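*Asks:*
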């Protein structure tokens, strides 16, 4: 039995790396998955296709999680397309030193 059947997960930074692994495992466990990415659109779409190949619903949404307006837009899209998220995985990292150099 799929433990997360009927649940929707939003995973930030899910286009690559650990975020992708988390998104794929949630889908394998039965969840539909929203794949958030900031700039890696091709990798995010690959993640979405892999999730859909498992028979799950998936959507990629571009949003910079350091920008409140983009977060609000992403949440509104998740609510309109999936009825909201049952699971939130805050995987994205924000580098506070990025603008220092």
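Residue numbers (this note's numbering): -17 to 83.
Glycine included, each C-beta is placed from N, C-alpha and C at the ideal position.
Predicted, not measured: the structure shown is a model, and the values here were computed from it.
Work out the CA separation of residue 39 and residue 84 for me, nearest whole Å.
*Replies:* Any property of residue 84 remains undetermined from this structure, which presents the chain solely from -17 to 83.
*Asks:* If you pair each beta-carbon of the stretch 28 to 36 with each one of the stretch 55 to 66, do three or more pairs fall below 8 Å?
*Replies:* With a cut-off of 8 Å, the stretch 55 to 66 and the stretch 28 to 36 do not count as touching, because too few Cβ pairs lie within range.
*Asks:* Below 6 Å CB to CB, which residues in the same chain sit around residue 56 once its five sequence neighbours on both sides are set aside?
*Replies:* 43 and 45
*Asks:* CA-CA distance, residue 20 and residue 47?
*Replies:* 8 Å
*Asks:* Alpha carbon to alpha carbon, how far is residue -12 from residue 13?
*Replies:* Each residue's alpha carbon lies about 6 Å from the other.
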